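*Asks:* Take this structure first; my questions come after.
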Amino acid sequence: YLLNVPASRMSANPAAPEEFLEFARRRIPRASGEDFLPRSLYGDYLEEALLAAQLSSPRHVRFETWRGEVEGLRRVERDAPLRVELGDGRDLTADHVVLATGNPPPASIRAAQSVVGHPRYIGNPWVHDLQFVREEKVLLIGTGLTAADVISASSADERTTPSLHALSRHGFVPPRQTPFRPDAFPGDGHALLAAATSLRGLTRSVRLLATEAEDCGGDWREAITFVRNMAPTIWRRLPERDRLRFLRHLRALWDAHRHRLPAEVLRRIDALKAQGRLHVHAGRIEEINPHGDRLEVRWRPRGVGGSCTHVFDRVVNCTGPDYTIANSGEALWRNLVQCRLAAPDALGLGLRTGPNGAVVDADAWPGPHLFYVGPMLRADHWEATAVGELRMHAQRVATLLANER
1464 YLLNVPASRM SANPAAPEEF LEFARRRIPR ASGEDFLPRS LYGDYLEEAL
1514 LAAQLSSPRH VRFETWRGEV EGLRRVERDA PLRVELGDGR DLTADHVVLA
1564 TGNPPPASIR AAQSVVGHPR YIGNPWVHDL QFVREEKVLL IGTGLTAADV
1614 ISASSADERT TPSLHALSRH GFVPPRQTPF RPDAFPGDGH ALLAAATSLR
1664 GLTRSVRLLA TEAEDCGGDW REAITFVRNM APTIWRRLPE RDRLRFLRHL
1714 RALWDAHRHR LPAEVLRRID ALKAQGRLHV HAGRIEEINP HGDRLEVRWR
1764 PRGVGGSCTH VFDRVVNCTG PDYTIANSGE ALWRNLVQCR LAAPDALGLG
1814 LRTGPNGAVV DADAWPGPHL FYVGPMLRAD HWEATAVGEL RMHAQRVATL
1864 LANER
């Protein structure tokens, strides 16, 4: 798997923007800032960065790792330490807890309830072997970044590449990334923020920015990057009713333009389509049922009155992470909601947080001991999944806690 962001923008250290690229060049001397490097290399970089932080930390700082699954937190009093409950029965006491759990598992697909647990249905591609047989016919539910990863994994060996079908409501496939040019398009941030008081005005302003970017010799990607960098402020200015309208009507379009693929990955996708090994469909899943030892899928193609039915050897859920913590399948999030230590946001994007990432409880109180860093900050910031945002959130929480000792 490749990173979806160029190496020059992947440093985990805000104070050293070239840190990851410098690390990569020790392994790949000719690596450039515009290269999309292997994710495994990024994992090695993070391990080294953590070790370096440990070795350079002050004497009073001690770092320990515990292996186990946290299933719950308990707070006896609001100003008291938190009790951390592990699945094996152990308890830990912490003055502060930072939830940094990463992406949750994919959402459960309502139409697939009758095949959950079926050996031919893959509900979470990240915990499953994605090696198929060439003769197999495989349906991917979703056409975004997760689907692109599954396509890459299942087509690594042409001798075993199956017949792939990818289905989403709009059939959007992420476009190609282009070299990052931070100074190529100045944009008018004041005009964009002024337009962000309504979704209609914001949409008109973004389209105008795309036209201006093309007039500057670039393309719409520069405009989307410009908007994305201002997304937290824009999101907070939008009235809640317009946020909801955006999620209903424009979210898929934004995601298709915002989340882009390395040219190498997109070339592979285009080649598979040209060979007839990959077919992309737009439509809505209606029902999935067992069909002998295979799976029968009925969906309604977009813009067509009737439904169609196909039989597949495998069906893979590629809908992406499920951020609705109220219905989470993970014990920790269920516990936090049930114990009123955390509350989902009104739009189901993640959880409510206050200043500096403090988790807001069910009584609308931002507790002083519980913090969150991760993609569910998008409830307040909208854009909170990329390294560029996450490293700033992590630094803010770390600085706050370091100053409390």
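Here this note's numbering is used: the first residue of the sequence shown is 1464, the next is one more, and so on. Cβ coordinates follow ideal geometry from the N, Cα and C atoms, glycine included. In this text the structure is predicted, and so the values were computed from the model without any measurement.
How would you label P1567, buried or exposed, when you count the other beta carbons within 10 angstroms and need 16 or more for buried?
*Replies:* Flag for P1567 reads buried.
*Asks:* Decide if Q1517 is buried, meaning its Cβ has at least 16 other Cβ atoms within 10 Å, or exposed.
*Replies:* exposed
*Asks:* List the DSSP bridge partners of I1748.
*Replies:* W1762
*Asks:* Roughly how many angstroms separate the alpha carbons of F1486 and A1849, rounded to a whole number?
*Replies:* 19 Å
*Asks:* Indicate whether S1661 and D1705 have their beta-carbon atoms separated by less than 7 Å.
*Replies:* yes
*Asks:* Measure the C-alpha to C-alpha separation of L1665 and A1659 and round it to an integer number of angstroms.
*Replies:* If you take the alpha carbons of L1665 and A1659, they lie about 5 Å apart.
*Asks:* Use the C-beta contact count for F1526: other C-beta atoms within 10 angstroms, 16 or more gives buried, fewer gives exposed.
*Replies:* exposed
*Asks:* Taking Cβ positions, are L1593 and V1578 nearer each other than 7 Å?
*Replies:* Against a cut-off of 7 Å, the Cβ pair of V1578 and L1593 comes out as no contact.
*Asks:* Among the residues of its own chain, which have a CB less than 7 Å from the CB of E1846, if the five just before and after it don't count?
*Replies:* R1691, A1694, P1695 and E1852
*Asks:* Return the chain-ordered list of same chain residues with a C-beta closer than 7 Å to the C-beta of V1728, the five sequence neighbours on each side being excluded.
*Replies:* Taking C-beta separations shorter than 7 Å and ignoring five residues to either side along the sequence, the partners of V1728 in its chain run L1465, A1611 and S1615, following chain order.
*Asks:* Within 10 angstroms of the Cβ of S1474, are there 16 or more other Cβ atoms? Answer buried if so, exposed if not.
*Replies:* By the Cβ neighbour-count rule, S1474 is buried, with 16 or more other Cβ atoms within 10 Å of its own.
*Asks:* Return the bridge partner residues of G1681 from the DSSP annotation.
*Replies:* DSSP output for G1681 lists no bridge partner at all.
*Asks:* Look at S1417 and G1506 and say whether their C-beta atoms are less than 7 Å apart.
*Replies:* Within the shown structure, residues of the chain are numbered from 1464 to 1868, placing residue 1417 beyond reach of any answer.
*Asks:* Who are the Cβ neighbours of A1563 in its own chain at under 7 Å, not counting the five residues just before and after it?
*Replies:* V1836 and G1837
*Asks:* Would you call the stretch 1759-1779 and the stretch 1595-1608 touching, i.e. three or more CB-CB distances under 8 Å?
*Replies:* With the cut-off at 8 Å, the stretch 1759-1779 and the stretch 1595-1608 touch.
*Asks:* Cα separation between E1677 and T1641?
*Replies:* The alpha-carbon atoms of E1677 and T1641 are separated by roughly 14 Å.
*Asks:* N1780 lies in the beta strand (DSSP E); which residues open and close that run?
*Replies:* R1777 to N1780
*Asks:* Give the straight-line distance between the Cα atoms of F1775 and R1583, rounded to the nearest whole angstrom.
*Replies:* Rounded to the nearest whole angstrom, the CA to CA distance from F1775 to R1583 is 9 Å.
*Asks:* For G1586, which residues in the same chain have their Cβ closer than 6 Å to its Cβ, ignoring the five residues on either side in sequence?
*Replies:* The beta carbon of G1586 sits closer than 6 Å to the beta carbons of N1780 from its chain, once the five residues preceding and following it are set aside; these are given in chain order.
*Asks:* Could you give the distance in angstroms between the alpha-carbon of P1588 and the alpha-carbon of L1608?
*Replies:* Distance between the alpha carbons of P1588 and L1608: 12 Å.
*Asks:* Are the beta-carbon atoms of R1763 and E1749 separated by less than 7 Å?
*Replies:* yes
*Asks:* Compare the C-alpha of Q1754 against each of R1747, T1772, V1743 and Q1738 and name the closest.
*Replies:* The sequence given here has His at residue 1754, not Gln. Considering only R1747, T1772, V1743 and Q1738, the residue with the shortest C-alpha distance to H1754 is T1772.
*Asks:* Based on the DSSP secondary-structure assignment, which residues constitute the bridge partners of T1816?
*Replies:* V1822
*Asks:* Going along the chain, which residues of its own chain have a beta-carbon closer than 6 Å to the beta-carbon of F1709, five neighbours each way excluded?
*Replies:* If we look at F1709 and ignore the five residues flanking it on each side, its Cβ neighbours are L1662.
*Asks:* Check each candidate in T1606, V1596, G1605 and P1569 and name the one with the smallest Cα separation from V1590.
*Replies:* The shortest C-alpha separation from V1590 is found at P1569.
*Asks:* Could you check whether the stretch 1798-1816 touches the stretch 1529-1542, counting it as contact only if at least three pairs of C-beta atoms, one from each stretch, sit closer than 8 Å?
*Replies:* yes
*Asks:* Take K1736 as the anchor and find which of N1819, R1541, H1628 and V1547 has the nearest alpha-carbon.
*Replies:* H1628
*Asks:* Spell out the partners DSSP gives Y1835 in its beta bridges.
*Replies:* L1562
*Asks:* Considering only C-alpha positions, which residue in the set A1806, N1467 and T1816 is nearest to R1841?
*Replies:* Out of A1806, N1467 and T1816, T1816 has the C-alpha closest to the C-alpha of R1841.
*Asks:* Under DSSP, the alpha helix (DSSP H) around T1862 begins and ends at which residues?
*Replies:* V1850 to A1865
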